[in-house]
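What follows is a set of notes on a single structure, which appears directly below.
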Amino acid sequence: MGEDRTIEEKRSAAARLVTRMLHGYFAISRGMTLGVRAACYDEAGRIFLVRHSYVPGWHMPGGGVERRETALQALSKELREEGNLEMTGPAQLFHVYFNTRVSRRDHVLFYRANVVQTAPRKPDLEIVESGFFALHDLPHGVTPATQRRLRELSGEVPPDDLW
């Protein structure tokens, strides 16, 4: 038990370092960072979550919007890369968040999307686990931000402006 906590603490410290380094680069290459993330539901109403190698916890898929890329292009790309997911209809923008935990200039466009998975997502260096989960049976380690977004989507709490 104590050893698991130490591993998680090390991952968390490494994740903070990697995040700061990436945002240092982004500060030079971009005036503001913009990300996209989506709550992706399959036909059964299950949500798709991913667990990254470089940051602890289970998250909804997403990533950064690159230069010369629209938000929806970025969203489609990230869903394909992180889960072999394709949207079955237009994604619905749910809210725009200011992500102060990452930097003072990071914003996240949060969407809701219905998806199909074209093939199972095999683990690799970025995504170590992924899958669809019933909302009442989420995996251990879902991040607080992901839990909050799910409560917002269900109408339990109003959307917060901070990620």
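Residue numbers (this note's numbering): 83 to 245.
Note that CB positions come from ideal geometry on N, CA and C, so glycine has one too.
Quantities reported herein were computed from a predicted structural model and do not represent experimental measurements.
Can you list, in chain order, the residues of its chain whose CB lies under 7 Å from that of residue i, leaving out five sequence neighbours each side?
i: LEU157; result: VAL118, ALA120, ALA173, TYR193
i: LEU154; result: ALA173
Kindly indicate which residue of the options has the alpha-carbon position closest to the one of residue i.
i: PHE176; options: GLU234, LEU167, THR225; result: GLU234
i: GLY127; options: PRO240, HIS222, SER236, GLU164; result: SER236
i: GLU148; options: HIS141, LYS159, TRP140, GLY139; result: LYS159
i: ARG186; options: THR115, VAL100, VAL198; result: THR115
i: GLU163; options: ALA153, ARG150, GLY144; result: GLY144
i: LEU104; options: CYS122, TYR123, LEU131, TYR136; result: TYR136
i: ASP206; options: PRO221, ASP242, VAL132; result: VAL132
i: PHE214; options: GLN229, VAL198, GLN155, SER94; result: VAL198
i: ARG231; options: PRO138, SER94, PRO241; result: PRO241
i: LEU217; options: GLY139, GLU208, CYS122, ALA95; result: CYS122
i: GLY146; options: VAL239, LEU220, THR225, THR101; result: THR101
i: GLY139; options: GLY113, LEU220, ALA153, GLU238; result: LEU220
i: GLY223; options: GLU168, LEU161, HIS134; result: HIS134
i: ARG98; options: GLU238, TYR107, LYS204, ARG183; result: ARG183
Between which residues of its own chain and residue i is the CB-CB distance below 6 Å, once the five residues before and five after are set aside?
i: VAL190; result: GLY117, ARG119, TYR179, ASN181, TRP245
i: ALA247; result: Here the chain covers residues 83 to 245 and nothing more, so residue 247 does not appear.
i: ALA227; result: TRP245
i: ALA95; result: none
i: ASP124; result: PHE214
What do you get for residue i, buried or exposed, if any count of 16 or more other CB atoms within 10 angstroms of its CB means buried?
i: ALA195; result: buried
i: SER212; result: buried
i: HIS141; result: buried
i: THR170; result: exposed
i: VAL210; result: exposed
i: ASP243; result: exposed
i: ARG246; result: Given that the chain is displayed from residue 83 to residue 245, the structure contains no residue 246 and the question cannot be resolved.
What residue range does the alpha helix (DSSP H) around residue i cover?
i: ARG233; result: 226-236
What span of residues does the beta strand (DSSP E) with residue i cover, start to end?
i: VAL118; result: 115-123
Subject >> Minimum length 3: unbroken beta strand (DSSP E) runs contained in the segment 129-163 >> reply: Correct list: 129-134, 144-146.
Original post:
Unbroken beta strand (DSSP E) runs of length 3 or more, entirely within the segment 157-208: which are they?
Top reply: List check, beta strand (DSSP E) in window: 167-169, 174-180, 188-199.
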